[in-house]
Amino acid sequence: MEAHEEKPIIYTMENKPIVTCSIFWNIHLSLPKYSDEGPSKCHGAGDQNLFTALYSSLTQQLPREPMEWRRSYGRAPKMIYLEANFVQFKEELLPKEGNKALLTFPFLHIYWTDCCDTEAYKASVKEDMQRWQGVLRHHGTVDWLIVVVEGDNKKKNKTNILPRTSIVDKIRNDFCNKQSDRCVALSDPLKESSRSQESWSSFLTKLRTLLLMSFTRNLGRFEDEMRTLREKRTEPGWSFCDYFMVQEELAFVFEMLQQFEDALVQYDELDALFTQYVLNFGAGDGANWLGSFCQPVRSWNGLLLRRPIDMEKRELIQRGEASLLDLRSYLFSRQCTLLIFLQRPWEVTTRALELLHNCVQELQLLEVSVVSGALDCWVFLSCLEVLHRIEGCCDRTQLDANFSHTVGLWTYATEKLKSLGDLCGLVSENGPNSEDLNKTVDLLAGLGAERPETANSLQSPYKKLKESLSSVEAFEKQYLELSHAAMEMYRAIGRLRSARLLGKSLAEFYMRKGDPQSAENFLQDSLKSYMSESWNLPLTHTRRQIADCQKQLQKMDEYLQTSALLASDANLSDEERTHFCKEILTFASQTPEGKDRVALSMSSFTQLQEFRFHPASALIHVGATLQLELRLCSLMPLAVHVEQLAASIHFTLEQPGTVAQKRSGQSADGTVTFPTVSPVSAPPPLELCEIQEHSPSDNALNSAGVICKNMHLLIGHHDSTTSLDMPTTAPSAVFMEDGAQMLKTNDVTLLPGNNSIIFTAPSQKPGTYTLRQLCATVGQVQFVLPHIYPVVQYEVYSQEPQLTIQPLTDNLLAGLPQQVKFTILTGHYTVKKGDALQLSNTDSMPVLHCATCTARILSSTGELVGESALSIQSSEKVTSISLPVIPPYHTLEFLLDVLCHIPSCPARMESERLTNGEISHRSRSRTRFNSGKTFIDQKVSVDCPWSIYSTLVSLTFHVPFKVKHTLLSAGRRKFIQICLQNVSDTNFRLTNQTLAENQHTPSLELLSLNTNTHSVIVSRQCVFSVWELRWSGTPPLSLQCVFSASFAPADAPDAALKPYSYDFTLESVSTLYSVRAEICPVAGEQHCRTGALCRLEVSLTRLIEPSETDRSDEEVSETEGLRTSRLMYEVIDNNSNWAVCGKSSGVVSMPVSAMATHKVHMEIMPLFAGHLPFPNIRVFKYLPHHTSPVIQPDPDSCLENDNLFLLDKGLDDQGDTASLRSRGSVHSLGSGEQQPRGLPMPKREAFGPGQVFNSTQGRQVLVLPAADHHIMEVNVT
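Following the working numbering, the numbering of the sequence shown begins with 1388 at its first residue and continues without gaps.
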């Protein structure tokens, strides 16, 4: 090793922790000598070779294995590889008090010796060790290690001497009493034996451990001192430059350990600290040490990134003489170096762009005096320096894939070069003058001499800037290269807006160079972006630039279109708008020279507000007048005389009413409103939705937010979209044919603001008329709206004459005079004198009329034109109504009274024959409403003068009443009840209610029990009437009856009464059987009790002998001269008050003789206490051997097959079916499978109304609660 007497050079990757070595080699018992040539050289060739071999192995094997570095303050541990710089021990290397340098700090001191003789150790080595340790203690150093190298000479020289203790033990006793690990024995380190390798490995581990311990301790002490110094920054006399050097020392140490991230953190902290002080200075809170950075900038040679450390600027900072640009340049160069070590080159570009912008702002905050253009030079050189540094560490593929990181620097360099060109007169058409040349010389002088690192480079930033400022051609070439390169990068990464913004800057350059053609192309691209994204002010500014280009290029059509847009632009002043408007009017007033008119966009001339139709329905007949009022707002700042304002019309032969949906934009008042912004250019509405991110482990909510689903529509570029409101090219001229249908008006003056124009619409043909285009002609200029949106259209119809007859009320009532309305729509037909309507008369609906009738004549718009008297003549078959003279497309209305007679429809027979000829009595037990039809349809045939065919009109009349009849019995007495219900919404007065028998049988008498013959029946209410039926002799088999009454509205006079009748038939009106029941309690009880059985006795009595008709219905058998018929009885309780125990139904044989009685006994149990009604007792006709027809038998009148088996087996003499009835439910008597159709089956048939009289119906019996005989004895102690 060679001794380095001078100060170590600070060079990032070469620095290593310093380890001093004090070497004492014993050669043939000679004392060690130190050489001035360095620590690695000692007297004796053998010693030199041995230590050289050890030094080489030590430096190579020390960093091979990593060590875990645990730091304080909770910082994460790291694995590091330790290297060391072994130098000769000198007292001058030990740190002095106040010296905070870490790079020159010796972290570990090692004393090497190969002494193996005790006498030699006592004579010289021990004394040298004491002197060495004394020096370390004097400087407060506790990190040391003694290494004893044991070799073969120990055995060769002292073969006969066996010391009690070894040299290592003596050294440990003398110097390492409490730190025995500070003395290490290294056995034969140059040999390949296992013992030597183990000793060498143990030594390396110990060396790494001690070195890391010393490094951690001293580094922690240094960090504490650095924090203490930083906390004193508010004290007077504190210097940022001094603190900068201290914290940079810590960064150097981290970089020495290859901990580049930690080293970068130190520079970032210094950057943030300095930035905060500058911001505070701008806010009025300045520090004294900032004064040194406020000195004028005298050098602007840019960043220097080609050296790991710019020692010149570092020395300026150390001396406190650095300017703001010097400090920022040096600080960024160190950050750049560390970021490249970390393989993060793209972060360098991002930080560089922030640095350049921040430096400009900081110079303004600190009010630093800077030569005009100096900052532009510094920024330009710095941008290119960063780009060249990135290009040096990345290949072309990486550069092309990361244009998004570098394009900002290219753009910034382009802007600064353009600014320098403006400053030095290199952009003007005449070139630079003498003053501009002087500025160029001053700027080049501030650059200084070119740095040695770039002197041999042909494309260095220094040469590019100097060449660009030397001539106009060189500047133009360099500026165009930078601009096009930046634009291509923006296009490659999809940032078209930025590319077009740069293109606009390039267009300004071309304009100043006198090249409007190239400038217009770039400006048109920028205009597309501003239009699609609605940037109003940039849009206006760009249009003005485009107008200048078009005027210079003599593109009059495009220039007029742009002038129209600028004249209507509210962002310009009135003077500017007036100027562009006059440009259009001047061109329009020129005499045409065989050229077509120039077509411009209507949207730049006027803003349509609304179209209003008169009449509002926009539906007229052929030849009618329709006016359209167009309201628009003129966007011109001056009054404009329009020679012709026309709208082209598209005609279709569609039927009226088929385009109702197309005119959905039309309001009820006939107005079509135009949107203020065209739907094409209007941005779509936001579509926001919630987004949540849940943890996959426990489904906990990690984050929540809102995203826009249609962001691509809101901020995406729309280059291919052409706006109707902001056209970039003029529309083609509109050619209006002379014979084409159109709306037009001539000589209209449009004033600035709102205007109203009236058009008269053509209506010669029936169909749909749609407005397609709008054109305003001003001299040689036409303002065209190619599409009118929303759709504006009207309809012209040609209508056939129509006749409608409608009631004036919701429902026409039969039986009363009702008014109907006749409406005649003449359509295209002209009603002439002598025309009449011919109505066919019917007996069921006569027409009630007077001699004259007044009719109203209305126009097509519903206005009353006049009234006329109609002459009505009636004959037996025809009613003729003469019509007045009526022009086409008018309406005639008049009223007529009609009367629909209520037919006297008989009620359906109560007994109807089935298909097999049998009589069905299924609904005899029910009373039914049956008054015939509830409504009546009447057909009226009308002959009209405009048609050879008759018109058939249908009128529906509703019957106002609904009637039902009921036969009531009280023993042998019979009563007939009539219920009349008013089903209409009108209140009626009812009189003369009578009931008569049609056959006029003398033995019959109908006695009225009604006290009032006049009554009022309210809407939806009923009136009941009762008659008693009396007869003498044999009771009638059937009765044909008719109920009649007179009715009229409640407020009508008697003359308005109308008749009403209702026919019905009654059959089997006599009572055949009487049923009587008694309930008796158990013996010994006076009353029935709940839960106790009671005795039910049912008596069936035949009152009269059956007639021939009844005998045909009943099956009569004769046994031993006694004729009997079979009846079936059934006891049920539908109210769940009784439980029928044992037999609840059965079949009995009833003698066919008057007053024959049969009694049935059974047991029942009351379930509740109180006055309970008797159970229900029903009696049926029983037909045991009835052949079932093919049709499905009625389940109400037929029994199952099992019932047949039970009944036929043993129920001929009062046999009852055995079943328990709970809650009175009726079940079938068996559950077997059904027999095939057509087999003999028993059948039960209900008696007709009034044939069975139940005298116990309505009776009740008292039931007491059951006595409680259960007593519980409770013994209380």
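Cβ atoms here follow ideal geometry from the backbone N, Cα and C, with glycine treated the same way.
Alpha carbon to alpha carbon, what distance is there between Glu2080 and Leu2025?
Residue 2025 sits at position 638 when you count from the first residue of the sequence shown. Residue 2080 sits at position 693 when you count from the first residue of the sequence shown. Cα to Cα, Leu2025 sits roughly 60 angstroms from Glu2080.
At the level of alpha carbons, what is the spacing between Gly1673 and Phe1680?
Here residue 1673 refers to the residue found at position 286 of the sequence shown. Here residue 1680 refers to the residue found at position 293 of the sequence shown. Cα-Cα distance, rounded: 12 angstroms.
Any idea what DSSP makes of Gly1808, helix, strand or coil?
Numbered from its first residue, the sequence shown carries residue 1808 at position 421. Collapsing the DSSP output to three states places Gly1808 in a helix.
Under a three-way DSSP split, which group does Glu2182 fall into?
Numbered from 1 along the sequence shown, position 795 holds the residue referred to as residue 2182. Residue state for Glu2182 is assigned as strand, using DSSP reduced to three classes.
Relative to the alpha-carbon of Pro2194, which residue among Gly2154, Tyr2216, Ser2185, Val2285 has its alpha-carbon at the smallest distance?
Stepping through the sequence shown from its first residue, residue 2194 is reached at position 807. Comparing alpha carbon positions, the residue from Gly2154, Tyr2216, Ser2185, Val2285 closest to Pro2194 is Val2285.
Buried or exposed for Ile2145, going by 16 or more other Cβ atoms inside 10 Å?
Taking the sequence shown and counting its residues from 1, the one referred to as residue 2145 is at position 758. Exposed is the label assigned to Ile2145, since fewer than 16 other Cβ atoms lie within 10 Å of its Cβ.
Look up Arg2565 in the DSSP assignment and give the residues it is bridged to.
Taking the sequence shown and counting its residues from 1, one reaches residue 2565 at position 1178. The secondary-structure analysis by DSSP pairs Arg2565 across a beta bridge with Glu2517.
Look at Val1755 and Leu1711 and say whether their C-beta atoms are less than 8 angstroms apart.
Sequence index remark: in the sequence shown, residue 1755 carries index 368 (1-based). Sequence index remark: in the sequence shown, residue 1711 carries index 324 (1-based). Remark: C-beta atoms of Val1755 and Leu1711 approach each other more closely than 8 angstroms.
Give every residue of the same chain whose Cβ lies closer than 8 angstroms to the Cβ of Ser1589, excluding the five residues on either side of it in the sequence, and list them in chain order.
Within the sequence shown, residue 1589 is the residue found at index 202, counting from 1. Excluding residues within five positions, the ones whose Cβ falls inside 8 angstroms are Val1571.
Tell me the residue span of the alpha helix (DSSP H) that contains Phe1492.
As a first step, residue 1492 is located in the sequence shown; it is residue number 105 there, counting from the start. Membership of Phe1492 in any alpha helix (DSSP H) is not indicated, and neither H nor E is assigned to it by DSSP.
Run through the stretch 1656-1731 for me and flag every whole beta strand (DSSP E) of 3 or more residues, listed as ranges in chain order.
None, since the stretch 1656-1731 contains no complete beta strand (DSSP E) of that length.
One or two residues paired with Leu2283 in a DSSP bridge:
Sequence index remark: in the sequence shown, residue 2283 carries index 896 (1-based). When beta bridges are read from the DSSP output, Leu2283 appears opposite Val2207.
Limits of the beta strand (DSSP E) - the one that Glu1612 falls within
Reading the sequence shown from its first residue, position 225 is the one you call residue 1612. Judged by DSSP secondary structure, Glu1612 falls outside any beta strand (DSSP E) and instead within the alpha helix (DSSP H) spanning 1581-1618.
Under 8 angstroms, do Asn2385 and Gln2427 count as touching if we go by C-beta distance?
Locating residue 2385 in the sequence shown gives position 998, where the first residue counts as 1. Locating residue 2427 in the sequence shown gives position 1040, where the first residue counts as 1. In terms of Cβ geometry, Asn2385 and Gln2427 form a close pair [threshold 8 angstroms].
Quick check on this structure: which residue in Thr1801, Ser2334, Ala1761 has the alpha carbon closest to the alpha carbon of His2215?
Here the question's residue 2215 lines up with position 828 in the sequence shown. For His2215, the closest C-alpha among the options Thr1801, Ser2334, Ala1761 is that of Ser2334.
Out of Ser1960, Trp1922, Leu1914, point me to the one whose CA is closest to Thr1949's CA.
To locate residue 1949, count along the sequence shown from 1; it is residue 562. Considering only alpha carbons, the answer is Leu1914.
Secondary structure, alpha helix (DSSP H): runs of 4+ residues fully inside the stretch 1435-1487
Runs of the alpha helix (DSSP H) inside the stretch 1435-1487: none found.
Nearest-angstrom Cβ-Cβ length linking Leu2283 and His2236, presumed shorter than 8 angstroms
For this step, residue 2283 is matched to residue 896 along the sequence shown. For this step, residue 2236 is matched to residue 849 along the sequence shown. Rounded, the Cβ-Cβ distance is 6 angstroms, consistent with contact.
Using 8 angstroms as the Cβ pair cut-off and three pairs as the minimum, do the stretch 2386-2398 and the stretch 2458-2466 touch?
Short answer: they don't touch.
Compare the C-alpha of Ile1971 against each of Ala2005, Cys1746, Gln2169, Tyr2336 and name the closest.
For the purposes of this step, residue 1971 is identified with residue 584 of the sequence shown, where counting begins at 1. Of the candidates Ala2005, Cys1746, Gln2169, Tyr2336, the one whose C-alpha sits nearest the C-alpha of Ile1971 is Gln2169.
Determine the extent of the alpha helix (DSSP H) in which Ala1761 is found, giving its start and end residues.
Against the sequence shown, residue 1761 aligns to sequence position 374. Where Ala1761 is concerned, the enclosing alpha helix (DSSP H) stretches over 1761-1780.
Helix, strand or coil: which one does DSSP assign to Ala1797?
As a position in the sequence shown, residue 1797 is number 410, starting the count at 1. For the record, residue 1797 in the displayed sequence is Trp; it is not Ala. Helix, per DSSP.
Contact check, Leu2487 vs Leu2453, beta carbons under 8 angstroms:
Locating residue 2487 in the sequence shown gives position 1100, counting from the first residue. Locating residue 2453 in the sequence shown gives position 1066, counting from the first residue. Cβ atoms of Leu2487 and Leu2453: not closer than 8 angstroms.
For Cys2095, count the other beta carbons within 10 Å of its own beta carbon; 16 or more makes it buried, fewer makes it exposed. Which is it?
Residue 2095 sits at position 708 when you count from the first residue of the sequence shown. Exposed, by the Cβ-count rule.
Top-ranked residue by Cα proximity to Leu1651, from Asn2228, Tyr2336, Ser1720
Position 264 of the sequence shown, counting from 1, holds the residue named residue 1651. Among Asn2228, Tyr2336, Ser1720, the Cα nearest to that of Leu1651 is on Ser1720.
So Arg1715 and Cys1746 are in contact, right, with Cβ under 8 angstroms, and what is the actual spacing, rounded?
Translated into the one-based positions of the sequence shown, residue 1715 becomes position 328. Translated into the one-based positions of the sequence shown, residue 1746 becomes position 359. The Cβ separation is near 5 angstroms, so the contact holds.
Would Gly2478 pass as a contact of Met2552 if the rule is Cβ separation under 8 angstroms?
Taking the sequence shown and counting its residues from 1, the one referred to as residue 2478 is at position 1091. Taking the sequence shown and counting its residues from 1, the one referred to as residue 2552 is at position 1165. Between Gly2478 and Met2552, the C-beta spacing is below 8 angstroms.
Give me the Cα-Cα distance between Gln2647 and Met2542, rounded to the nearest whole angstrom.
Residue mapping note: residue 2647 aligns to position 1260 of the sequence shown, counting from 1. Residue mapping note: residue 2542 aligns to position 1155 of the sequence shown, counting from 1. Answer to the nearest angstrom: the Cα atoms are 26 angstroms apart.
Whole angstroms are fine: how far does the CA of Glu1708 sit from the CA of Leu1752?
Counted from its first residue, the sequence shown places residue 1752 at position 365. Counted from its first residue, the sequence shown places residue 1708 at position 321. Going by the C-alpha atoms only, they are around 20 angstroms apart.
If you draw a straight line from the C-alpha of Leu1740 to the C-alpha of Tyr1799, how long is it?
Looking up residue 1740 in the sequence shown gives position 353. Looking up residue 1799 in the sequence shown gives position 412. One C-alpha to the other measures close to 8 angstroms.
Helix, strand or coil, according to DSSP, for Met2542 in the structure here?
For the purposes of this step, residue 2542 is identified with residue 1155 of the sequence shown, where counting begins at 1. Three-state result, Met2542: coil.
Span of the beta strand (DSSP E), counted from its first residue to its last, around Met2129:
Position 742 of the sequence shown, counted from the first residue, corresponds to residue 2129. Secondary structure note for Met2129: its beta strand (DSSP E) is the uninterrupted segment 2129-2137.
How long is the line joining the alpha carbons of Pro1848 and Asp1713, rounded to whole angstroms?
Counting from 1 along the sequence shown, the entry for residue 1848 is found at position 461. Counting from 1 along the sequence shown, the entry for residue 1713 is found at position 326. Taking the CA atoms as reference points, Pro1848 sits about 18 angstroms from Asp1713.
So Leu1718 and Leu1657 are in contact, right, with Cβ under 8 angstroms, and what is the actual spacing, rounded?
Your numbering for residue 1718 matches position 331 in the sequence shown. Your numbering for residue 1657 matches position 270 in the sequence shown. Contact between Leu1718 and Leu1657 holds, since their C-beta atoms are separated by about 7 angstroms, short of 8 angstroms.
For Ile2404, which residues of its own chain have a beta-carbon under 6 angstroms away from its beta-carbon, when the five flanking residues on both sides are left out?
To locate residue 2404, count along the sequence shown from 1; it is residue 1017. For Ile2404, same chain residues with a beta-carbon under 6 angstroms away, outside a window of 5 residues either side, are Asn2369, Phe2375, Leu2377, Val2410 in chain order.
Between the CA atoms of Val1633 and Arg1569 - distance to the nearest angstrom
Counted from its first residue, the sequence shown places residue 1569 at position 182. Counted from its first residue, the sequence shown places residue 1633 at position 246. Distance between the alpha carbons of Arg1569 and Val1633: 32 angstroms.
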